[in-house]
Each structure stands twice: as structure tokens, then as C-alpha cells.
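Each remark here refers to the structure printed beneath this line.
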Amino acid sequence: MKIILVTGARPDFIKIAPLLNALNRPPVIDPVLVNAGQCDDWRMCGLIFHQLAIPVPDINLSVDGGSLASQYAAVIMRFESLLMEQRPDCVLVVGNVHRAIACVLIAAKMRIKVIHVEAGLRSFDRSMPEETNRVLTDSLSDLLFCSEQSAIENLRREGIPESKICFAGNLIADTLAHNREKAQISKILSALEIGDSPYAVVTVHHRSNLESGALSGIISAMKTIGREMPVIFPMHPRTRAQLSVSEMQSNSSHIKFIDPLGYLDFIKLVSSAKAVFTDSGGVQEETTILNVPCLTLQAKTDRPCTVEMGSNLVVGTDPDAIVEGYRCSQNRVRKAAKIPPLWDGMAAQRIAETIATVYC
Ligand code: UDP
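Structure, rendered in C-alpha cells:
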């Protein structure tokens with residue numbers, strides 16, 4: 003059985019690593035890795051590929067920038083040719099990027115089975131581009147793997163038949179489980195001259211924050227936090243392009259702007275942080291497992307279990323609300339980590355076994 007795995011951006015690579023391993027195990031499945039992402043993402047992720055031992059993609063769609071419509075059109079045309087040539091039994095996508103939905107659309111039209119991993123997550127905010135991508139992908143999928151209970155309930159509410167839904171757990175948790183110990187030997191804290199002192203981490207790159215002007219409010223809040231401890235800001239290339247030189251020259255307020263980190267360094271940095279400010283879904287999940295206070299820089303989260311477990315507070319992007327949320331998170335009594343059901347490092351194996359049972 004041939005399965006095409008589509009990746010489009012950084013979190014997809016991190017999720018695909020354990021899945022590729024698990025799919026390679028039963029010899030009945032022949033996985034083909036197709037990267038639909040942009041060159042910028044690809045360049046940023048070189049170290050992640052190396053550290054997670056992900057093989058170089060079998061095929062790169064090589065579609066670069068341009069308007070959203072031209073990117074969709076180019077991805078659909080190239081993926082259609084690829085599907086005709088490769089004739090896979092299934093196409094599998096993880097997550098929610100624009101390019102994945104373009105691949106899903108043409109696969110479904112060609113009556114190729116579609117599998118969505120990380121299905122059913124909803125923020126219920128259609129102004130967030132990920133939300134429409136998720137709803138569309140889920141409605142076109144034949145097999146939907148969920149990472150948390152809320153996702154199953156969302157799919158049921160949208161009328162997805164029970165027979166298509168599978169509670170598998172979380173691939174981000176798998177990758178973290180397999181690499182957590184390795185990350186501990188990272189030298190990132192000494193490289194950043196942090197030592198044993200307290201510090202915070204911030205990541206921001208979602209379009210809803212970059213295109214709404216929210217970034218300057220976030221920076222203003224980070225300057226306030228930066229008076230108490232250094233704030234380390236690994237910048238996504240999209241975010242760097244938005245920040246003015248003057249905003250980045252804020253050394254006096256102790257914001258340290260750095261390039262995106264490799265996976266192991268990033269996990270080490272997050273594990274020892276006093277607080278993490280982020281608009282990243284994956285980082286909300288990782289901080290839950292690592293039991294590090296997380297402040298989500300979005301109006302809503304599509305991972306409500308991270309809030310239920312107690313590590314995540316959704317604070318939005320208003321500078322006062324961010325600072326207040328931070329103080330509140332630090333005043334809370336730190337309880338032992340609560341890990342959501344099935345975030346046990348075995349999700350990839352469950353997914354591979356289910357695919358083999360259903361389609362082989
Ligand atoms: N990450 C990384 N280096 C960084 C920042 C993040 O390796 O400098 C990892 C992080 O550990 C997580 C993933 O990237 O697993 C999250 O990806 P991203 O924030 O790009 O996407 P999202 O989760 O928001 O979809």
C-alpha cells in the first residue's frame with residue numbers, strides 16, 4: 003500500500019518524524035514524503051531534519067511565494083501530476099497549513115483516500131486561517147485521527163460519522179517523548195549566557211498576529227517582562243520581516259532576538275523557562291507536557307485540553323492582559339504535570355496500526 007505524506011511547515015516535520023518511523027515498520031506500507039512547503043520554511047528546518055533523523059523528502063513541490071491564489075493553483079497542479087504519476091492509495095496530512103488543503107482538495111477530487119492527523123481541533127474563530135483549513139480538511143477526509151477529546155466532540159457536532167474518527171493521541175508528544183532526554187544536553191543556555199538565571203521565551207508567527215498589528219503590543223508586553231528577566235525571542239522569518247530595526251534594538255529591555263532554534267535547543271530552552279509566551283499550537287502542547295507556564299497570545303486556543311490541564315492561560319494580545327496573565331501564572335501554586343489522555347509517546351504506532359488495519 004502506497005501512502006503520500008504531505009508536509010507544509012515546521013510543525014509538520016516535527017509531527018511526521020515519529021509517524022514515518024512507525025509507518026516504515028509494517029512492511030506492507032510504502033510511505034512517500036512530499037514537501038509542499040516554501041523554501042524559507044525548508045531552510046529554517048534543516049537542523050530539525052537532521053536532529054530528528056527525518057529523511058530528505060522524496061519529492062519537493064517547489065512552489066514559492068506569490069498570492070495565496072497562485073500558491074493554491076500551483077500546488078494543486080503539481081500535486082495532481084504527482085498523484086497521476088505515483089498512484090497512491092492514500093494521502094495523509096498533518097496539521098492545517100494552506101498548502102495541505104490544496105493537496106487534500108485535489109486528492110479528494112481524484113477519489114484518493116484522505117487521512118487527517120490532528121483532526122477536529124477548533125478555535126471557533128473563522129478569522130484565523132488555520133480554522134477554515136481544518137474544517138475543510140476534516141470534511142474531505144476519510145479517516146480522522148484526533149489528539150484530544152474536544153476534537154472528537156467537534157467532529158461529531160459537524161456530522162462526521164463515528165466510523166471515520168479515531169482517538170490516537172498526539173504526535174508532538176511522541177517527538178517530545180523520544181527526544182526529551184537528548185535535549186537536556188543542549189548547550190543553549192550557556193550559548194545565550196543565561197546560566198541558572200530566570201528567563202522567559204516568546205514565539206510569535208501566526209498570520210492572525212502579524213497581519214493585525216498585534217505584534218507591537220506583544221513586544222511592548224515583552225519589554226515590561228524584560229525588566230524582570232531576559233526574554234528570549236527565537237524569531238520565525240515571517241516575524242523578523244515584520245519587526246522594525248528599532249523594535250529589535252531593545253537590548254536595554256532585555257529582549258534577546260535570535261534566529262529560530264533547532265528542535266533540541268528549543269526544547270531545552272522551553273523546559274527551563276519561567277514562562278513561555280506563544281501563538282504556536284505545538285508549543286502550547288509541549289509546555290503542557292513539560293509543565294511550564296504558557297501564556298497563549300491569541301484570543302482563543304484550539305487545544306482546550308492544555309488549559310484544562312492547568313499549564314496554559316489564554317491571554318490574547320493586549321499588552322496589559324499579557325502582563326497580568328503572566329503575574330497570575332507565576333502566583334499559581336505549581337502542581338505536578340497533568341498529561342492529557344494518550345499523550346504517551348505511542349500515537350504514531352496507533353496511527354500506523356489503524357491505517358494498516360483499515361486500508362491494507
Ligand atoms: N520550534 C523549534 N524551534 C523554534 C521554535 C519552535 O524547533 O525556534 C518547534 C517547537 O518545538 C514545536 C514546533 O516548532 O514543536 C511548533 O511549530 P510552529 O510554532 O512553527 O507551528 P504551530 O505549532 O503554531 O503550528
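For the sequence shown, the numbering used here gives the first residue as 3, with consecutive numbering after it.
Glycine included, C-beta positions come from ideal geometry on N, C-alpha and C.
Treat the numbers as computed from the prediction; the structure is a model and nothing was measured.
Which residues mark the beginning and the end of the alpha helix (DSSP H) in which Cys-105 is found? 100-111
Specify whether the stretch 309-328 and the stretch 262-272 touch according to this definition: at least 3 beta carbon pairs, one from each stretch, less than 8 Å apart. no
Using three-state DSSP, classify Val-233 as helix, strand or coil. In the structure shown, Val-233 sits in a strand (DSSP, three-state: E or B).
Cα separation between Ser-69 and Phe-169? Taking the straight line from one Cα to the other gives about 36 Å.
Flag this pair as yes or no: are the beta carbons of Leu-297 and Thr-319 separated by less than 7 Å? no
Please return the same chain residues whose Cβ sits closer than 6 Å to the Cβ of Arg-209, not counting the five positions on each side in sequence. These residues qualify, in order along the chain: Pro-131.
Report whether the distance from the Cβ of Phe-259 to the nearest heavy atom of ligand 1 is below 6 Å. no
Within the continuous alpha helix (DSSP H) that includes Pro-306, where are the two ends? Pro-306 -> alpha helix (DSSP H) spans 306-310.
Which stretch, first to last residue, makes up the alpha helix (DSSP H) that contains Ala-75? 70-88
For ligand 1, list every residue whose C-beta falls under 5 Å from any of its heavy atoms, going in chain order. Put simply, the residues with a CB less than 5 Å from any heavy atom of ligand 1 are Arg-12, Pro-13, Ile-16, Pro-236, Pro-262, Leu-263, Tyr-265, Phe-268, Ser-282, Gly-283, Gly-284, in chain order.
For Leu-217, report the span of its alpha helix (DSSP H) as first-last. 216-228
Would you decide whether Thr-9 is buried or exposed? Buried here means 16 or more other CB atoms lie within 10 Å of its CB. Looking at its Cβ environment, which holds 16 or more other Cβ atoms inside 10 Å, Thr-9 is buried.
Mapping the DSSP letters down to three states, classify Leu-299 as helix, strand or coil. coil
Which residue or residues does DSSP assign as beta-bridge partners of Leu-315? Leu-297
Start and end of the beta strand (DSSP E) containing Pro-20? Careful: Pro-20 lies outside any beta strand (DSSP E), inside the alpha helix (DSSP H) at 12-26.
Thinking C-beta only, is Asp-176 closer than 7 Å to Gly-347? yes
Can you tell me whether Asp-376 is buried or exposed? The criterion is at least 16 other CB atoms within 10 Å of its CB, across all chains shown. What the structure shows of the chain is the stretch from 3 to 362, and residue 376 is not part of that stretch, so it cannot be assessed.
Once the 5 residues before and after Ala-19 are set aside, which same chain residues still bring their CB inside 6 Å of it? Leu-54, Ile-56, Thr-177
Can you round the beta-carbon distance between His-100 and Gln-73 to whole angstroms, since I take them to be within the 8 Å contact cut? Separation of the CB atoms of His-100 and Gln-73 is rounded to 7 Å, and the pair is thereby assigned contact status at 8 Å.
Alpha-carbon spacing of Arg-159 relative to Gly-122, whole angstroms: 10 Å
Three-state secondary structure (DSSP) at Phe-126? coil
Between which two residues does the alpha helix (DSSP H) harbouring Val-325 extend? In this chain, the alpha helix (DSSP H) harbouring Val-325 covers 321-333.
Would you say Lys-276 and Pro-200 are within 7 Å of each other, going by their C-beta atoms? yes
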